[in-house]
Amino acid sequence: MKIYDVEIPPDLEIPELDEKSRAEIDALHDEIARDRAERKRQVEMSPYKDWGETRTPASAPPSSSAAPSINIEALRELPLRVRAIFAYVLRDHVTR
Numbered sequence: 001m002k003i004y005d006v007e008i009p010p011d012l013e014i015p016e017l018d019e020k021s022r023a024e025i026d027a028l029h030d031e032i033a034r035d036r037a038e039r040k041r042q043v044e045m046s047p048y049k050d051w052g053e054t055r056t057p058a059s060a061p062p063s064s065s066a067a068p069s070i071n072i073e074a075l076r077e078l079p080l081r082v083r084a085i086f087a088y089v090l091r092d093h094v095t096r
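The opening position of the sequence shown corresponds to residue 1 in the UniProt record's numbering, with each subsequent residue numbered one higher.
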């Protein structure tokens with residue numbers, strides 16, 4: 001298994017996440033996407049939208065495209081459930 005092209009050692013157990021937790025994470029992700037779309041819609045409808053540069057919200061994704069580093073030793077210290085959540089949240093960046 002690799003996360004962001006960092007090889008995860010075979011002795012580092014990362015279990016599958018249970019269905020309920022996956023559903024909760026997916027629901028949270030959907031809610032965040034809806035909130036961002038609503039904020040964008042509100043900005044577009046604002047009478048002040050053309051007044052210059054708007055401020056960047058703290059929740060905006062980082063502008064750099066560099067992949068984050070993965071600290072294997074830090075992963076080892078995490079409880080199994082947290083490792084499972086970590087792998088599920090980053091599932092688009094996991095290769096097996």
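By construction, the Cβ of each residue, glycine as well, lies at the ideal position given by its N, Cα and C atoms.
So, at 6 Å on beta carbons, what are the nonlocal neighbours of valine 82 in its own chain, with the 5 sequence-adjacent residues on each side left out?
none
Return the chain-ordered list of same chain residues with a C-beta closer than 7 Å to the C-beta of alanine 23, the five sequence neighbours on each side being excluded.
none
Does DSSP put lysine 2 in a helix, in a strand, or in coil?
strand
I need the straight-line Cα distance from isoleucine 8 to isoleucine 72, nearest angstrom please.
7 Å
In whole angstroms, give me the CA-to-CA distance for glutamate 16 and lysine 40.
35 Å
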